[in-house]
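> In this text, residue positions in the sequence shown follow this note's numbering: the first is 2, and each later residue adds one.
Note that CB positions come from ideal geometry on N, CA and C, so glycine has one too.
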Amino acid sequence: MSDGTSRFTCKGKPVYHFGNTSTFSEYTVIKEISVTKIDAVAPLEKVCLISCGFSTGYGAAITTAKVTPGSSCAVFGLGGVGLSVIMGCKAAGAARIIGVDVNKDKFEKAKEVGATECINPQDFEKPIQEVLFDMTGAGVEFCFEAIGNPATVAAALASCHESHGVCVIVGLLAAGTQLNISGWLFFSGRSLKGSVFGGWKSRENVSKLVSDYMAKKFNLDPLITHTLNLDKINEAVELMKTGKCIRCVLLL
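(1) Could you say if the segment 38-49 and the segment 103-122 meet the contact criterion of at least three C-beta pairs nearer than 8 Å?
(2) Hey, how far is the Cα of K62 from the Cα of Y17?
(3) What alpha helix (DSSP H) runs, 4 residues minimum, are completely inside the segment 92-118?
(4) Nearest to A175 by alpha carbon, out of A159, H162, C161 and P151?
(5) DSSP beta-bridge partners for H227?
(6) Start and end of the alpha helix (DSSP H) containing S208?
(7) Which same chain residues, not among the five before or five after V132, have their C-beta less than 7 Å away from its C-beta?
(8) Could you have a look at F145 and say whether DSSP puts it in helix, strand or coil?
(9) Are the beta-carbon atoms belonging to V250 and I51 less than 8 Å from one another?
(10) For chain C, find out if any of its Cβ atoms is closer than 8 Å to the Cβ of W185; answer yes or no.
(11) For the beta strand (DSSP E) that contains L173, what are its first and last residues?
(12) Find the nearest neighbour of Q123 within the set A116, E142, V101 and K107, judged by alpha-carbon distance.
(13) How big is the Cα-Cα spacing for S196 and F9?
(14) CB-CB under 6 Å to G60, same chain, minus the five flanking residues each way: which ones, in chain order?
(15) Is it right to say R191 is buried, meaning 16 or more other beta carbons lie within 10 angstroms of its own, or is it exposed?
(16) Quick one: what's got a C-beta closer than 6 Å to V30's C-beta in the same chain, skipping five residues either side?
(17) Rounded to whole angstroms, what's the CA-CA distance from G140 to N181? Just pull it up for me.
(18) Measuring straight from C-alpha to C-alpha, what distance separates S203 and L224?
(19) So, do the segment 231-239 and the segment 67-84 have three or more beta carbon pairs nearer to each other than 8 Å?
(20) Taking just the CA atoms, how far does V167 sit from F188?
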């Protein structure tokens, strides 16, 4: 719990909560702020993605960055959150969306959800920010780091248009991580933002996003590559660690 205590025990020892929700358990105790009412007919095996990963990426583009129609975007990291960023960029009307990842197996899915092209930094001898400058002529207008690596945060910022580029940190950096970024990058107008939960207010916006899904304003199906029963959770973790799944839904 937020006060450091736990409501769970196993064989007399405390078991601590995860993410203030602990939704792998049959019963849980959570704060009121973590509960919202959604459409009763919404399929939980789909809209469960809205509780965190999808909303985080989609909102980073829509709410935090405020991607504009006709703009150029780059997304570093093509996991579930990065793909959700791409979906947000597409929904906002971006004309060019460049996916960046060292795993080429993710390119097909990225293009399926809206990327116009994908590149692997390992295919080039020059830094990725120089590659993106060459591709766009002046850098992208919006860039998103969905990895959580300080080096790629710096590269993402440097990939932005020097006068009005916006870089959004979406990936989770470890506590205490220091960023080594040249102050010169900000001189002519670049900006760097952080984004938590896509800038949404959880209780209000989760319900609205579920309604938007039910109205077919976006499709979550491409993000769900596996569905397993809870007793296969170790298999699900292995799929995640090896990069062979985007989102694996566990059924209780």
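For this structure:
(1) The segment 103-122 and the segment 38-49 do not touch, with fewer than three beta-carbon pairs separated by less than 8 Å.
(2) Here residue 62 is taken as the residue at index 61 of the sequence shown, counted from 1. Here residue 17 is taken as the residue at index 16 of the sequence shown, counted from 1. According to the sequence as given, residue 62 is Ala; it is not Lys. Rounded to the nearest angstrom, the two C-alpha atoms are 33 Å apart.
(3) DSSP runs (the alpha helix (DSSP H)) wholly in the segment 92-118: 108-114.
(4) Taking the first residue of the sequence shown as position 1, residue 175 is located at position 174. Answer by Cα proximity: P151.
(5) Position 226 of the sequence shown, counting from 1, holds the residue named residue 227. C249.
(6) What you label residue 208 is simply residue 207 of the sequence shown in a count that begins at 1. Looking at the DSSP string, the run of the alpha helix (DSSP H) that includes S208 is S203 to M215.
(7) Counted from its first residue, the sequence shown places residue 132 at position 131. Around V132: I120 and F125.
(8) Numbered from 1 along the sequence shown, position 144 holds the residue referred to as residue 145. Three-state result, F145: strand.
(9) If you number the sequence shown from 1, residue 250 lands on position 249. If you number the sequence shown from 1, residue 51 lands on position 50. No, the pair does not count as a contact, with Cβ atoms beyond the cut-off.
(10) Structure shown: chain C not included; a single protein chain is present.
(11) As a working mapping, residue 173 is identified with position 172 in the sequence shown. Note, L173: premise wrong, no beta strand (DSSP E); not H, not E.
(12) Your numbering for residue 123 matches position 122 in the sequence shown. Comparing Cα positions, the closest option is V101.
(13) In the sequence shown, counting from the first residue as 1, residue 196 sits at position 195. In the sequence shown, counting from the first residue as 1, residue 9 sits at position 8. Straight-line Cα distance between these residues: approximately 31 Å.
(14) Against the sequence shown, residue 60 aligns to sequence position 59. Cβ neighbours of G60 beyond the five flanking positions: G199, G200 and W201.
(15) Mapped onto the sequence shown, residue 191 falls at position 190. Burial is judged here by how many other beta carbons sit within 10 angstroms of a residue's own beta carbon; R191 has at least 16 and is buried.
(16) Here the question's residue 30 lines up with position 29 in the sequence shown. So the list reads R8, once near-sequence residues are dropped.
(17) Within the sequence shown, numbered from 1, the residue matching residue 140 stands at position 139. Within the sequence shown, numbered from 1, the residue matching residue 181 stands at position 180. Approximately 20 Å between the Cα atoms of the pair.
(18) As a working note, residue 203 is residue 202 in the sequence shown. As a working note, residue 224 is residue 223 in the sequence shown. S203 and L224: Cα-Cα distance of roughly 21 Å.
(19) Under the Cβ criterion (8 Å, minimum of three pairs), the segment 231-239 does not count as touching the segment 67-84.
(20) Here residue 188 refers to the residue found at position 187 when the sequence shown is read from its first residue. Here residue 167 refers to the residue found at position 166 when the sequence shown is read from its first residue. If I take the Cα positions, the gap works out to 13 Å.
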